[in-house]
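Q: One structure is given below, represented as structure tokens, and several questions about it will come after.
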Amino acid sequence: MNLFNVYSLFDITPVKAKGSYLWDDKGDQYLDLYGGHAVISIGHTHPHYVKAITEQLQKIGFYSNSVKNPLQEKLAEKLGKLSSYEDYELFLCNSGAEANENALKLASFVTGRKKVVAFHQSFHGRTSGAVAATDNPKIVSPFNAAHDVQFIPLNDEDALKKAVDDKTAAVIIEGIQGVGGINLVDDLFFQLLREVCDKNKALLILDEVQSGYGRSGRFFAHQYASIKPDLITIAKGMGNGFPIGGVLINHEIKPWVGELGTTFGGNYLACAAALAVLEVIEKENLSDNALKIGNYLLENVAKFTRLQKVRGKGLMIGFDVPEELKDLRQKLLFDHKIFTGASGSYTIRLLPSLTLTKRQADEFLEALEEEVGR
Ligand code: PMP
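Its first residue numbered 21, the sequence shown is counted upward by one per residue in my numbering.
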């Protein structure tokens, strides 16, 4: 049986990983500044994480949510504490798309409405509602398009005031747009968003799937703007590669039995992985490291005058390359053995592990120096 060929792959086969490095089947070492779509938060194969999952697997790996699983409560408690959302409640699922799908569904249940406002260049996942709120017509099927979604430009206050009305169930926005090219949301826009949602009794959904978990230098990127959304979605860095996602829900939203459900969401192994991730983030002060190394990278990448619009927060960084440098990402990968991400044809994204060191950042800057000069 062949694999269904729906995404392009580099001809590289990683067989081993540690920290910010990967090794392929030919023995070549790579610096990983991409973390497989921003997933590697605490570094590959972190010993505390490997131990926690291994020990859990020897006890019990999975049982459905028909009986109590104390690890879910432990995870909720730790997550509440580290994120400063102790008074929110947690629903666990398996991926970012699923988290957004459940958040959209909750907003619709709570308000009795179905209209959603989303943003140009947004990405929220591939399930029906999440993809309908994603601004990429190529991946939205006629089935998904049946959802009632209005797209407006990011940071456009007038468009926001016009779009959100008494038919709006939710506005969904990323903490920092990731797939769309590392686009920052203005603090004032976040604050207006909170006001406009309150005024219209619409819910605010903050998709922190890519920008959350310490990546921006704060636990959640929206915390720079000092607002509190009604629903926050998480995944990616949450499990450091183990599939897990979740929705943080304002306690004023009351659940009813049967409202949401899942077979695999919040299973023992996933919870053990997610707990270990939070323990490492706390013990190693990884948000602080993300901010420190992120600022170092932002400052130094900006010195390369041929690179444009260097932007980001913490270790969520993007910059544009001019047409004549459009092979830069390939060169970084094949000549310098450095993984980076892309957005469109000309934006390079850096989404490394939050454990990235200055020395490793310098490895990347030295490679840039060779390719781009000053
Ligand atoms: N939201 C955002 C902001 C994302 O970047 C992604 C994945 N790129 C998703 C949701 C979907 O997550 P998943 O692939 O885990 O479904």
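The beta carbon of each residue, even a glycine, is placed where N, CA and C say it ideally should be.
Just so it is clear, the structure is predicted and the values come from calculations on it, not from any experiment.
On the DSSP bridge list, what partners appear for Ser363?
A: By one-based count along the sequence shown, residue 363 stands at place 343. Ser363 is bridged to Thr367.
Q: Counting C-beta neighbours from all protein chains within 10 Å, is the total for Thr377 16 or more, i.e. buried, or is it exposed?
A: On the sequence shown, position 357 is the one that residue 377 refers to. It is exposed - the Cβ of Thr377 has fewer than 16 other Cβ atoms within 10 Å.
Q: To the nearest angstrom, how far is it from the Cα of Ala123 to the Cα of Asn164?
A: For this step, residue 123 is matched to residue 103 along the sequence shown. For this step, residue 164 is matched to residue 144 along the sequence shown. Each residue's Cα considered, the two are about 16 Å apart.
Q: Beta carbon of Ile60, beta carbon of Asp44: below 8 Å?
A: Stepping through the sequence shown from its first residue, residue 60 is reached at position 40. Stepping through the sequence shown from its first residue, residue 44 is reached at position 24. No, they are not a contact pair.
Q: Could you spell out the range, first to last residue, of the beta strand (DSSP E) harbouring Ile337?
A: Translated into positions along the sequence shown, residue 337 becomes position 317. From DSSP, the beta strand (DSSP E) with Ile337 extends over Met336 to Asp340.
Q: By DSSP, does Lys88 sit in helix, in strand, or in coil?
A: On the sequence shown, position 68 is the one that residue 88 refers to. In the structure shown, Lys88 sits in coil (DSSP, three-state: anything other than H, G, I, E or B).
Q: Give the DSSP-derived three-state secondary structure of Val300 in the structure shown.
A: Residue 300 sits at position 280 when you count from the first residue of the sequence shown. DSSP places Val300 in helix when its eight states are reduced to three.
Q: In whole angstroms, what separates the C-alpha of Gly265 from that of Asp227?
A: Position 245 of the sequence shown, counting from 1, holds the residue named residue 265. Position 207 of the sequence shown, counting from 1, holds the residue named residue 227. The alpha-carbon atoms of Gly265 and Asp227 are separated by roughly 11 Å.
Q: Please look up how many angstroms separate the CB atoms of Ile269 and Tyr83, rounded, as I've assumed it's under 8 Å.
A: What you label residue 269 is simply residue 249 of the sequence shown in a count that begins at 1. What you label residue 83 is simply residue 63 of the sequence shown in a count that begins at 1. Actually they do not touch by this definition, with Cβ atoms about 24 Å apart.
Q: Which term fits Asp250, buried or exposed, when burial requires 16 or more other beta carbons within 10 angstroms of its beta carbon?
A: In the sequence shown, residue 250 corresponds to position 230, counting from 1. Buried, because 16 or more other Cβ atoms sit within 10 Å of the Cβ of Asp250.
Q: Give a yes or no on whether the C-beta atoms belonging to Glu93 and Gly100 are separated by under 8 Å.
A: Residue mapping note: residue 93 aligns to position 73 of the sequence shown, counting from 1. Residue mapping note: residue 100 aligns to position 80 of the sequence shown, counting from 1. The answer is no: Cβ separation not under 8 Å.
Q: Can the beta-carbon of Arg235 be found less than 8 Å from the beta-carbon of Ala310?
A: In the sequence shown, counting from the first residue as 1, residue 235 sits at position 215. In the sequence shown, counting from the first residue as 1, residue 310 sits at position 290. The answer is yes: Cβ separation under 8 Å.
Q: With Val191 as the anchor, note down where its beta strand (DSSP E) starts and where it stops.
A: Taking the first residue of the sequence shown as 1, we reach residue 191 at position 171. Thr188 to Glu194 is the span of the beta strand (DSSP E), which, as asked, contains Val191.
Q: Can you grab the Cα-Cα spacing for the pair Gln197 / Phe239, in whole Å?
A: Start at 1 with the first residue of the sequence shown, and residue 197 comes out as number 177. Start at 1 with the first residue of the sequence shown, and residue 239 comes out as number 219. Their Cα atoms are separated by approximately 16 Å.
Q: Answer with buried or exposed for Tyr50, where buried requires no fewer than 16 other C-beta atoms within 10 angstroms of its C-beta.
A: Counting from 1 along the sequence shown, the entry for residue 50 is found at position 30. Answer is buried; the Cβ neighbour count reaches 16.
Q: Quick one: what does DSSP say Phe143 is sitting in, helix, strand or coil?
A: Counted from its first residue, the sequence shown places residue 143 at position 123. Of the three classes helix, strand and coil, the one that applies to Phe143 here is coil, per DSSP.
Q: Leaving aside the five residues before and after Lys346 along the sequence, list all residues of the same chain whose C-beta is less than 8 Å from its C-beta, in chain order.
A: Here the question's residue 346 lines up with position 326 in the sequence shown. If we look at Lys346 and ignore the five residues flanking it on each side, its Cβ neighbours are Ser365 and Tyr366.
Q: Report all residues from its chain with a CB closer than 6 Å to the CB of Lys187; omit the five preceding and five following residues, and keep chain order.
A: To locate residue 187, count along the sequence shown from 1; it is residue 167. Arg133 and Lys135.
Q: Going straight from the alpha carbon of Phe111 to that of Gly259, what length do you get?
A: Working through the sequence shown from its first residue, we reach residue 111 at position 91. Working through the sequence shown from its first residue, we reach residue 259 at position 239. Using only the alpha carbons, I get a separation of about 15 Å.
Q: Ordered along the chain, which non-local residues of its own chain (more than five positions away) have a Cβ less than 8 Å from that of Tyr316?
A: Reading the sequence shown from its first residue, position 296 is the one you call residue 316. Lys378 and Ala381.
Q: Going by DSSP, which residues form a beta bridge with Ala37?
A: On the sequence shown, residue 37 is found 17 positions in, with the first residue counted as 1. Its beta-bridge partners are Leu42.
Q: Quick check on Gln230: does DSSP put it in helix, strand or coil?
A: In the sequence shown, residue 230 corresponds to position 210, counting from 1. In this structure, Gln230 counts as coil in the three-state DSSP scheme.
Q: Using only the alpha-carbon positions, how far apart do Pro342 and Val321 sit?
A: Position 322 of the sequence shown holds residue 342. Position 301 of the sequence shown holds residue 321. The alpha-carbon atoms of Pro342 and Val321 are separated by roughly 14 Å.
Q: Please tell me whether Gly237 and Ser148 are closer than 8 Å, where the distance is taken between their beta carbons.
A: Along the sequence shown, read from residue 1 onward, the residue named residue 237 stands at position 217. Along the sequence shown, read from residue 1 onward, the residue named residue 148 stands at position 128. It is not a contact, given that the beta carbons lie outside the stated cut-off.
Q: Let me check you understand the geometry: is the CB of Asp227 closer than 7 Å to at least one non-hydrogen atom of ligand 1?
A: Start at 1 with the first residue of the sequence shown, and residue 227 comes out as number 207. For ligand 1, at least one heavy atom lies less than 7 Å from the Cβ of Asp227.
Q: Could you please give the first and the last residue of the uninterrupted beta strand (DSSP E) stretch that includes Leu268?
A: Counting from 1 along the sequence shown, the entry for residue 268 is found at position 248. Looking at the DSSP string, the run of the beta strand (DSSP E) that includes Leu268 is Gly265 to Asn270.
Q: Please state the DSSP three-state secondary structure of Asn122.
A: Here residue 122 refers to the residue found at position 102 when the sequence shown is read from its first residue. In this structure, Asn122 counts as helix in the three-state DSSP scheme.
Q: Verify the contact flag: Asn164, CB atom, against every heavy atom of ligand 1, threshold strictly below 7 Å.
A: The count along the sequence shown starts at 1 and reaches residue 164 at position 144. Incorrect: Asn164 has no Cβ contact closer than 7 Å to ligand 1.
Q: To the nearest angstrom, how far is it from the Cα of Leu353 to the Cα of Thr360?
A: Locating residue 353 in the sequence shown gives position 333, counting from the first residue. Locating residue 360 in the sequence shown gives position 340, counting from the first residue. Leu353 and Thr360: Cα-Cα distance of roughly 7 Å.
Q: At a cut-off of 7 Å, is Arg369 close to ligand 1 when judged by its beta-carbon and the heavy atoms of the ligand?
A: Within the sequence shown, residue 369 is the residue found at index 349, counting from 1. Not under cutoff, so the answer is no.
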